[in-house]
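Some notes on the structure that comes next.
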Amino acid sequence: MVEPVGNQYVVARPVYSELLFDEEHQKVHRYHKTFLDNLRVCFSCSPQKAKKMVFELFPLLSWLPAYRFKAWILSDIVSGISTGLVAVLQGLAFALLVNIPPGYGLYAAFFPVIMYFFFGTSRHISVGPFPVLSLMVGGAVLTVVPDTPGNSTQANESQLINDKRVMVAASVTMLAGIFQLLFGVLRIGFIVIYLSQSLISGFTTAAAIHVVVSQLKFIFQLPVPGFNTPLGIIWTLKSVFEQITDTNIADLVTALIILVIVFVVKEINERFKAKLPAPIPIELIVTVIAAGVSYACNFKERFKVDVIGKLERGFQAPITPSMSVFESCVGDCFSIAIVGFAVAFSVAKVYSIKHDYPIDANQELIAFGLSNIFGGAFKGFAASTSLSRSGVQESTGGKTQIAGFLSAIIVMIVILAIGHLLEPLQKSVLAALALGNLKGMLMQFKEIGILWKKDRYDCIIWVVTFLAAILLGLDLGLAAGVGFQLLTVVFRAQFPKCTVLANVGRSDIYRNRKDYTDIYEPEGVKIFRCPSPVFFANVGFFKDKLTAAVGFNPLRVLRKRNKALRKIRQMLKKGELQVTPKGFLCTVNSVNYSDEEELDNNTIEELDKPTDTKDLPIQIDWNTNLPPNIIVPRVDTHSLILDFSAVSFLDVSAMRVLRETIKEFVRIDVDVYIVGAHEGLLDKLERCGFFDDEIKPSIFFLTIHDAVLYILVKKDIAVGSPKFKPNMQKQSNDHYIISTNGGLRNRASSETKF
271 MVEPVGNQYV
281 VARPVYSELL
291 FDEEHQKVHR
301 YHKTFLDNLR
311 VCFSCSPQKA
321 KKMVFELFPL
331 LSWLPAYRFK
341 AWILSDIVSG
351 ISTGLVAVLQ
361 GLAFALLVNI
371 PPGYGLYAAF
381 FPVIMYFFFG
391 TSRHISVGPF
401 PVLSLMVGGA
411 VLTVVPDTPG
421 NSTQANESQL
431 INDKRVMVAA
441 SVTMLAGIFQ
451 LLFGVLRIGF
461 IVIYLSQSLI
471 SGFTTAAAIH
481 VVVSQLKFIF
491 QLPVPGFNTP
501 LGIIWTLKSV
511 FEQITDTNIA
521 DLVTALIILV
531 IVFVVKEINE
541 RFKAKLPAPI
551 PIELIVTVIA
561 AGVSYACNFK
571 ERFKVDVIGK
581 LERGFQAPIT
591 PSMSVFESCV
601 GDCFSIAIVG
611 FAVAFSVAKV
621 YSIKHDYPID
631 ANQELIAFGL
641 SNIFGGAFKG
651 FAASTSLSRS
661 GVQESTGGKT
671 QIAGFLSAII
681 VMIVILAIGH
691 LLEPLQKSVL
701 AALALGNLKG
711 MLMQFKEIGI
721 LWKKDRYDCI
731 IWVVTFLAAI
741 LLGLDLGLAA
751 GVGFQLLTVV
761 FRAQFPKCTV
771 LANVGRSDIY
781 RNRKDYTDIY
791 EPEGVKIFRC
801 PSPVFFANVG
811 FFKDKLTAAV
821 GFNPLRVLRK
831 RNKALRKIRQ
841 MLKKGELQVT
851 PKGFLCTVNS
861 VNYSDEEELD
871 NNTIEELDKP
881 TDTKDLPIQI
891 DWNTNLPPNI
901 IVPRVDTHSL
911 ILDFSAVSFL
921 DVSAMRVLRE
931 TIKEFVRIDV
941 DVYIVGAHEG
951 LLDKLERCGF
961 FDDEIKPSIF
971 FLTIHDAVLY
981 ILVKKDIAVG
991 SPKFKPNMQK
1001 QSNDHYIIST
1011 NGGLRNRASS
1021 ETKF
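Numbering (the numbering used here), first residue to last: 271 to 1024.
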């Protein structure tokens, strides 16, 4: 019974062990489904299940019938046009990161959007090229088709290299899409949980640095080869600075002007976003102006600048992926699949929370998998989502993926009709636009100080992932970051902060005794808490901390007692020791007794057995005076409580060590109790043969307070600190509390106030 009394509560109940509670409240032994049961459910079919599967596979069917045409269509049209224009420019710019001709970036901005329209669950993200993903694809491209030494000007050779690189980019994209599709079909969308926010932030910041370095060759117009190897970023910078005197001034000046204008206008958009009806489309404005000026002034001939060149009109026929690329780039494709999904899902989750609608991680994997397979087949490269482009789609009023579909229509118009107008555009302008979209990722450096104050482990994960991605490359850097992150989890679980608890305020609340002054510790009772799973890696640490908490090693005490018993029997047999009402009386002046000799003459197995004093004429009190030269460590603890409320699981190795440890304590007359064990642990221990004559299921209690009250009643004690006088009464109802004066008090009425 629980009754509120002001800001306190009154509880009346018996002291419960796990067994007593289950018996009194008639615990139901539930049937747990087997693997075959789950298979039957998985492969069963019904009209309702079929309908649900269709709606899950095609989310379009769930929101399109409810589309509010009059209220939303105008906003989606405006958003689609704005997003489409940005997608065209980012597609051209990010194609440079892939090391393929810019025109193929338009395919990456078109085909994935169409597929996501039918299969995606997010209504606001803009699918298409993403700088980090484009750079990862570009790394795979350079691995298979590296730059040729020297500065070749043969058109045929250059075209052949471009064709090979387009094939590699498309094949890598398709294999990454296959990975994503398999993950979605197998329902393992939870894989994204292994990429923490700190890891993603550090990785994307490093990728932004890689993007900056990779675009220097376009800004300076230098023939810098690609280095997709560990320390490649250093070799790239070395190559740039070695050729810095050959810089094309026209490209450099153009890029700097574009960068300044883009940064300033983006800052204005951010600062006055509440007052502006829509962000200023600065990328579109500067692109139109730059293309017009380049064409009018004939920059290509006058200043020898590098321009986009011919953009093929229309779509190209689909291609068959290269199996040799699959074999050589499987690791890169796996990384691309994971990073692409993690970034897209993170952005989609932000907008789903903001606009209150659900998204499905597994369906998102299927959607992006199909998008990349379809896009790669038509010579596009890997797609995810861009935070800046998605921000444009959402901030301009986009309500659904109809805005995304309309943005694809804008890209299609450029591909089919007006793409040739962009042919005079300098590649340095595209490089500047790519760098202009990195401000958000570069500003993530500020998170280092914030994370250091919040959680130093997260801060270290950020720094290690960043440095690994910078020095080892994005693929190996991501693997190193994930490995280090998992290592920190293991480290934290392997070395948990175990504590000794005490009663606070003479209530049912138990906290770390070091944190409070108003504590009560029953004499002879130790309460030990482990806030971590106990498994093979940390069970040794757990045992060491437990030994330190109680102040003695139970196995050492047991061995000392067994050796002392053997010596006492020898002395009694020789007549060197007599038994009196007051204890032992030694009849000789000196006794030669050596621990080392005794240890050599007895096996460890014999010393580890329970003490047996039945053949002795007196009951030995190990804490009183023993015969001369026989010293046994004093043990003032009679009860040990293990708080397992934060122990989520025990593995077989931990069970074995825990069983041995409990037996060691029991054999030196220290009762061990386990409290707060999670549901199912008792059943698991029974299945594993944990219990025997020395360890019984009755040692399990619901709470610490139940165990403490049981111990106080069992030992018939109520001794607290000197300022607390014991007051113990005992009746048949077994309702006890620790009284406010520090003792044990029986509930005189039907209510007990803590």
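We put the beta carbon where it would ideally sit given N, CA and C, even for glycine.
Can you pull the DSSP bridge partners for residue i?
i, result
"I911", "I797 and Y943"
"F971", "S287 and V945"
"V255", "Residue 255 lies beyond the stretch modelled for the chain, which goes from 271 to 1024, so this question has no answer here."
"V577", "Q696"
"L920", "V804"
With 16 other CB atoms within 10 Å as the buried threshold, where does residue i fall?
i, result
"E288", "buried"
"H625", "exposed"
"E876", "exposed"
"E883", "The amino acid at residue 883 is misidentified as Glu; the sequence shows Thr. Counting Cβ neighbours within 10 Å, T883 comes out exposed, since fewer than 16 surround it."
"A916", "exposed"
"T787", "exposed"
"F971", "buried"
"K993", "Only weak support is given to the placement of K993: the predicted model assigns it a pLDDT of 36, under 50, and the value that follows is read from those uncertain coordinates. Exposed is the call here."
"K321", "exposed"
"M713", "exposed"
"E1039", "Shown here, the chain extends from 271 to 1024; a query on residue 1039 therefore has no answer."
"F812", "buried"
"G639", "buried"
"R762", "exposed"
"T590", "exposed"
"E634", "buried"
Is any heavy atom of the ligand NAD found at a distance shorter than 8 Å from the C-beta of residue i?
i, result
"G390", "Absence of the ligand NAD from the depicted structure is noted, as is the absence of any ligand whatsoever, leaving it without description."
Does the distance from the CB of residue i to the CB of residue j come in under 9 Å?
i, j, result
"D913", "L771", "yes"
"K796", "S909", "yes"
"F389", "L486", "no"
"F604", "V462", "no"
"T907", "V940", "yes"
"R826", "P903", "yes"
"V356", "V556", "no"
"G398", "P382", "yes"
"D417", "G496", "yes"
"V681", "G454", "no"
"R457", "N308", "no"
"I900", "A834", "yes"
"A977", "F736", "no"
"I431", "V415", "yes"
"V760", "A807", "yes"
"S352", "A548", "yes"
"V483", "L507", "yes"
"A560", "Q360", "no"
"V481", "L748", "no"
"Q491", "L522", "yes"
"V804", "I789", "no"
"G751", "K985", "no"
"V402", "N369", "no"
"P372", "A379", "no"
For residue i, which three-state DSSP category applies?
i, result
"V298", "coil"
"Y374", "helix"
"D885", "coil"
"Q586", "coil"
"L546", "coil"
"R1017", "In this predicted model, R1017 has a pLDDT of only 43, less than 50, meaning its place in the structure is not dependable enough to derive any value."
"S592", "coil"
"W342", "helix"
"N308", "helix"
"R1038", "As shown, the chain starts at 271 and ends at 1024. That puts residue 1038 outside it, with no answer to give."
"T475", "helix"
"F388", "helix"
Within 9 Å of any Cβ in chain C, is that where the Cβ of residue i sits?
i, result
"G350", "The structure shown has no chain C; it contains just one protein chain."
Ordered list of alpha helix (DSSP H) runs contained in the region 729–811, each at least 4 residues: 744–764, all fully within the region 729–811.
Complete runs of the alpha helix (DSSP H) confined to the region 695–719 [at least 4 residues]: 697–706 and 709–712
Unbroken stretches of the alpha helix (DSSP H), 4 residues or longer, contained in the region 411–471: Counting only runs of 4+ residues, the alpha helix (DSSP H) found wholly inside the region 411–471 occupies 425–455, in chain order.
Every unbroken alpha helix (DSSP H) inside the region 477–528 [4 residues or more]: Runs found: 486–490 and 502–512.
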